[in-house]
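Under our numbering, the sequence shown has 456 at position 473, and the numbering climbs by one with no breaks. From the three backbone atoms N, C-alpha and C, an ideal C-beta is built for every residue, glycine too.
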Amino acid sequence: MDNYYIKTNRTFTSIRKYGWIFTVLVALGGLWQPKLGLLVIFIMAGLTITSFFSGRYWCGNFCPHGSLFDRIAMPLSLNKKIPKFLRSKPMIIGFFIFFMFNFSRKVMRVLNFWGSYDFWDKLGLVFVTTYLMVLIVGGLFAMLINPRTWCQFCPMGTIQKLAHKLGSKIGISKKTEKKVTIESLAKCHSCGKCSRVCPFQLTPYLEFGDNNQFHNINCIKCATCVENCPANILSLKTEEEARQLIKKVSTKGYENRQKIKARIVDIKDLTKDVKEFTFSFINPEKVDYKPGQFILIKIQDKPKAYRAYSISSYNEDGSKLSVIIKRVERGYGTNIIFNKFRVGDILDLEGPMGDELVVDNSHEKILFVANGIGITPFIGLTKEVLTSNPNLKELKLLDGQRYEDEFLYREYFEALEKKDSRFQYIPLVSRDKNSTLRKGYVTHVLEYLDLEGYRVYMCGSKNMILDSYNILLKKGIKEEDIFYESEERIEIKKAQ
Ligand SMILES: Cc1cc2nc3c(=O)[nH]c(=O)nc-3n(C[C@H](O)[C@H](O)[C@H](O)COP(=O)(O)OP(=O)(O)OC[C@H]3O[C@@H](n4cnc5c(N)ncnc54)[C@H](O)[C@@H]3O)c2cc1C
Ligand code: SF4
Ligand code: SF4
-16 MDNYYIKTNR TFTSIRKYGW IFTVLVALGG LWQPKLGLLV IFIMAGLTIT SFFSGRYWCG
44 NFCPHGSLFD RIAMPLSLNK KIPKFLRSKP MIIGFFIFFM FNFSRKVMRV LNFWGSYDFW
104 DKLGLVFVTT YLMVLIVGGL FAMLINPRTW CQFCPMGTIQ KLAHKLGSKI GISKKTEKKV
164 TIESLAKCHS CGKCSRVCPF QLTPYLEFGD NNQFHNINCI KCATCVENCP ANILSLKTEE
224 EARQLIKKVS TKGYENRQKI KARIVDIKDL TKDVKEFTFS FINPEKVDYK PGQFILIKIQ
284 DKPKAYRAYS ISSYNEDGSK LSVIIKRVER GYGTNIIFNK FRVGDILDLE GPMGDELVVD
344 NSHEKILFVA NGIGITPFIG LTKEVLTSNP NLKELKLLDG QRYEDEFLYR EYFEALEKKD
404 SRFQYIPLVS RDKNSTLRKG YVTHVLEYLD LEGYRVYMCG SKNMILDSYN ILLKKGIKEE
464 DIFYESEERI EIKKAQ
């Protein structure tokens, strides 16, 4: 499980970014000014009250120690799997009793000094030392295991869970609690990224229940999974909002998703870190997919995880397909695929999936824009559009790579260009000074192309798609004529 868990930004608000200053102020400053510790009473009151309405929301959004772990400790953390026993019931209950016993004993002792001149200092110091203990112990756990290890058995988390249970029983949280919600299970890539970035190492993608919601009481509603889901299908919603969402979501392109057994019949090296894998279907023997769709390849069983790959080429009778995979440095899945997958292996696939790059064949002018490994769907799509679109007048393909030796299927595209005058292939390099090809990014070419009447399909990096999208809008292309797909989460707010 090396490099399974991913370090990623979890501090999306100012409170989450800078809340740790409060921890340091109280835990260290309190040693000189013990009354600072009394501020913790407000924290305890705040977390108890919010948990009635929204479970452990406090832990993910307001907790100053949480901010310290996520902001300051994470870069230094070994980021390993949290041992099971630290999240087990005996540990949580045992530590809660131990902590509460000691804490109340200290408070009771101080209460004997009620009315004395330094009573408030003494009481404040109880909170200061507790805060300091959490900073030291929690900080060590954060660095040696995982940033949020302490939170697995934190007594304040346990208080929140108890208050939340009570809140649910009396019906308070039903309307107010926002839970992680998936818009459609059919659209999930089962990639496990939501789990790999989750501070609590929870597995939302394996546990969605009623109303497509994640009901795990330990979820701290931090939205890290929402921000990182490549399919962009997660959000935090109340029960009612989730019901409304399910009603309005379209699953076009995902209706044919099925489990497939397939054999690897060929593996070809295309460049030093890119391979083409060809599968022949075993069960079912034929699959009905469209060019532009993608397929999921299972990389492991525990926890179940797949990776999504665009269908790059296929045979007409639906019995075979190929995908082109680029090995990602430190990539978890691609290293399994490159190191373990061999010709003859039988694999589990799921699909076909996706609608964004399924081309509408009634258009006269079509533009494909790709960068990096985003070229793969256009290998099959170019052939499809040239052979099956009776109205086609012009098809342009912009293919941006960093270096000349990174182009995939360049001769194939050049041959198609020579054969069919409707097709124009525009390769360009961004970093290769020795190349004779055009230099720059696809966005530079987009700026001067005459794109009136074009329908545009894009695939590649998030930045390329966002920049191109804005250029296309400026050039007068309508939103409904722009389609895109990326391995990264992209959110473009479309005009209503
Ligand atoms: C619809 C769709 C179609 C796709 N089509 C293709 C295709 O045709 N060909 C193709 O090659 N890919 C394609 N992808 C991407 C593919 O699904 C995988 O995401 C890709 O192969 C990387 O998988 P991985 O598990 O090796 O990388 P991951 O391990 O998921 O790594 C992803 C990124 O996170 C970084 N990272 C990993 N671990 C850590 C860590 N511990 N700490 C910090 N950073 C870390 C990596 O450096 C990398 O930049 C597609 C994706 C989608 C959504
Ligand atoms: S991150 Fe991956 S597994 Fe999780 S919900 Fe999104 S697509 Fe599904
Ligand atoms: S499941 Fe999502 S919202 Fe809940 S704790 Fe994990 S990353 Fe945060």
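Taking a cut-off of 8 Å for Cβ pairs, the region 119 to 138 and the region 252 to 259 do not touch, as fewer than three such pairs fall below it. At a cut-off of 4 residues, the continuous stretches assigned as alpha helix (DSSP H) that sit fully inside the region 20 to 66 are 22 to 37, 40 to 44, 47 to 50. In terms of Cβ geometry, R246 and G327 form a close pair [threshold 8 Å]. The three-state secondary structure of E299, taken from DSSP, is coil. Taken from the Cβ of Y292, every heavy atom of ligand 2 lies 7 Å or farther away. At least one heavy atom of ligand 1 is found less than 7 Å from the C-beta of E468. Setting aside the 5 residues that flank it on each side, L168 is surrounded in the same chain by F191, N195, each with a C-beta closer than 7 Å to its C-beta; the list follows chain order. Around the Cβ of P73, a 10 Å sphere holds fewer than 16 other Cβ atoms; the residue is exposed. Assignment of V439 by DSSP, reduced to helix, strand and coil, places it in the strand class.
Taking the Cα positions, S71 is about 11 Å away from I65. DSSP, read as helix, strand or coil, puts V412 in strand. Taking C-beta separations shorter than 6 Å and ignoring five residues to either side along the sequence, the partners of Y392 in its chain run I362, following chain order. Bounds of the alpha helix (DSSP H) holding Q227 are 222 to 231. A distance criterion of 7 Å places the beta-carbon of N318 in contact range of ligand 1, judged by its closest non-hydrogen atom. Counting of Cβ neighbours within 10 angstroms places K204 among the buried residues, the total reaching 16 or more. No Cβ-Cβ contact shorter than 8 Å links V117 with L19. Note on geometry: alpha-carbon atoms of I250 and C42 lie some 47 Å from one another. Shortest Cα-Cα distance from K376 to any of E268, R88, H346, N322 involves H346.
In this structure, I4 has its beta carbon at no less than 7 Å from each heavy atom of ligand 1. Boundaries around N354 are those of the beta strand (DSSP E), 348 to 354, since no alpha helix (DSSP H) includes it. When the Cα atoms are used, N62 and F102 turn out to be separated by approximately 42 Å. A Cβ-Cβ separation of about 18 Å leaves G236 out of contact with G357 under the 8 Å criterion.
Look at G334 here: in three-state DSSP terms it is strand.
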